[in-house]
Amino acid sequence: MKVAALIPAAGSGTRLGLGPKALVKVGGRTLLARSAAALAPHVAEVLVALPPGEELPADIPARAVVGRATRQASVLALLRATDADTVLIHDAARPFLPPGVIQALLAAVQTTGAATAALPVADTLVRAAHPRAAAQHWGTLTPREGLWAVQTPQAFRRLALLAAHEAALSDGYAATDDAGLLARLGQAVALVPGDARLFKVTTPGDLALAQALAPVWDA
Ligand code: CTP
Ligand code: MG
Numbered sequence: 001m002k003v004a005a006l007i008p009a010a011g012s013g014t015r016l017g018l019g020p021k022a023l024v025k026v027g028g029r030t031l032l033a034r035s036a037a038a039l040a041p042h043v044a045e046v047l048v049a050l051p052p053g054e055e056l057p058a059d060i061p062a063r064a065v066v067g068r069a070t071r072q073a074s075v076l077a078l079l080r081a082t083d084a085d086t087v088l089i090h091d092a093a094r095p096f097l098p099p100g101v102i103q104a105l106l107a108a109v110q111t112t113g114a115a116t117a118a119l120p121v122a123d124t125l126v127r128a129a130h131p132r133a134a135a136q137h138w139g140t141l142t143p144r145e146g147l148w149a150v151q152t153p154q155a156f157r158r159l160a161l162l163a164a165h166e167a168a169l170s171d172g173y174a175a176t177d178d179a180g181l182l183a184r185l186g187q188a189v190a191l192v193p194g195d196a197r198l199f200k201v202t203t204p205g206d207l208a209l210a211q212a213l214a215p216v217w218d219a
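This is how it looks when you write it as structure tokens:
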């Protein structure tokens, strides 16, 4: 099985507010460099979708494609740029990637065909009463039993995921991740235990957490 790591890194980091997020540094290294270095030992090649106009930094052992306007479109460009039969898709914005999670995903994709890192939800979940109002109020409690928060990496047979992406494109269907595109077609996706350290750096608070964790992770 030829495995490629596909890293969508073309986002503009609007919520963080520091420019293209994949190129933001924590503990002296960019989020992208950390994600690519974690994946490289497990795969035959690493492909990165970069923001238009950005160059791949020299220290990243990867091939670059030009990213698109949405994450979904950036991943489709990556899927079309490799001939690997199996792909590991991982957000650049999740820089702390334990090797055990990668190994578990590669085992699960062989048996189930698709797998994602995910964690059981630990917080109480509530839907706001009027989600678009300025002030939020408690609306409906959503029991968390059986609910998982989906992370990346996610592992797929490339041609199956490519078909799901092409179906979504022709239907105008938008998803926040790739496993959701396959699941929409009724295909099985294994849930593999993720890791709290796989959180996505989305907001300034997440960046503060990542800066605190980096020296511990690197030690
Ligand atoms: N991504 C991408 N192409 C896009 C949008 C996002 O490759 N057009 C990537 C991001 O670089 C990131 C991952 O998808 O690694 C998850 O996206 P997100 O956390 O939303 O990052 P941004 O889109 O950069 O952030 P924001 O939504 O706050 O602008
Ligand atoms: Mg985004």
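Note that the sequence shown covers residues 1 to 219 in full-length UniProt numbering.
Just so you know, even glycine gets a beta-carbon here, dropped at the ideal spot from N, CA and C.
The structure displayed is predicted, hence computed values, not measured ones.
Discussion item. Three or more C-beta pairs under 8 Å: does that hold for the stretch 104-117 against the stretch 186-203?
Written reply: With a cut-off of 8 Å on Cβ pairs, the stretch 104-117 is in contact with the stretch 186-203, counting three or more such pairs.
Starting from the Cα of glutamine 154, find the closest Cα among Arg71, Pro215 and Asp178 and give me that residue.
Taking the first residue of the sequence shown as position 1, residue 154 is located at position 154. Nearest C-alpha to glutamine 154: Asp178.
- Item | Spatially closest choice to glycine 53 from Arg197, Asp59, Ala9 and Pro41, by CA coordinates | Stepping through the sequence shown from its first residue, residue 53 is reached at position 53. It is Ala9 whose Cα lies nearest to the Cα of glycine 53.
Original post:
Per DSSP, which one or two residues make a beta bridge with proline 99?
Top reply: For the purposes of this step, residue 99 is taken as the residue at position 99 of the sequence shown. For proline 99, which the question treats as bridged, DSSP gives no partner whatsoever.
**Message:** Between the alpha carbons of tyrosine 173 and valine 48, how many angstroms are there, rounded?
**Reply:** As a working mapping, residue 173 is identified with position 173 in the sequence shown. As a working mapping, residue 48 is identified with position 48 in the sequence shown. In a straight line, the C-alpha of tyrosine 173 is about 23 Å away from that of valine 48.
Enclosing beta strand (DSSP E) for alanine 154 [first to last residue]
By one-based count along the sequence shown, residue 154 stands at place 154. As written in the sequence, residue 154 is glutamine, which differs from the alanine given in the question. Start and end: 148-157.
Fill in: Sequence ranges, alpha helix (DSSP H) only - wholly within the stretch 124-208, length at least 4
Runs of the alpha helix (DSSP H) spanning 4 or more residues and lying entirely within the stretch 124-208 occur at 158-171 and 179-183, in chain order.
Exercise. Which class does lysine 21 belong to by DSSP, given the choice of helix, strand or coil?
Worked result: Position 21 of the sequence shown, counting from 1, holds the residue named residue 21. It is helical.
| Span of the alpha helix (DSSP H) holding arginine 71? | In the sequence shown, counting from the first residue as 1, residue 71 sits at position 71. Counting along the chain, arginine 71 sits inside the alpha helix (DSSP H) bounded by residues 71-79.
For this session: In the DSSP assignment, find the beta strand (DSSP E) that holds arginine 63 and state where it starts and stops.
Result: Within the sequence shown, residue 63 is the residue found at index 63, counting from 1. Note, arginine 63: beta strand (DSSP E), 63-66.
Q) What's the call for valine 84, buried or exposed, on a 16-neighbour Cβ count within 10 Å? A) Translated into the one-based positions of the sequence shown, residue 84 becomes position 84. According to the sequence shown, residue 84 is alanine rather than valine. Looking at its Cβ environment, which holds 16 or more other Cβ atoms inside 10 Å, alanine 84 is buried.
task: On a CA-only basis, which of Leu6, Val43, Thr203 and His137 is nearest leucine 125? Give me that one, please.
output: Counting from one through the sequence shown, the residue named residue 125 turns up at place 125. Selected option, being the one with the closest Cα: His137.
**Study point:** proline 8 CB to nearest heavy atom of ligand 1 below 7 Å
**Key:** Within the sequence shown, residue 8 is the residue found at index 8, counting from 1. Inclusion of proline 8 in the 7 Å shell around ligand 1 follows from its C-beta lying nearer than that to a non-hydrogen atom of the ligand.
(message) At a threshold of 7 Å, does glycine 19 count as lining ligand 1 (C-beta to nearest heavy atom)?
(response) Your numbering for residue 19 matches position 19 in the sequence shown. Not under cutoff, so the answer is no.
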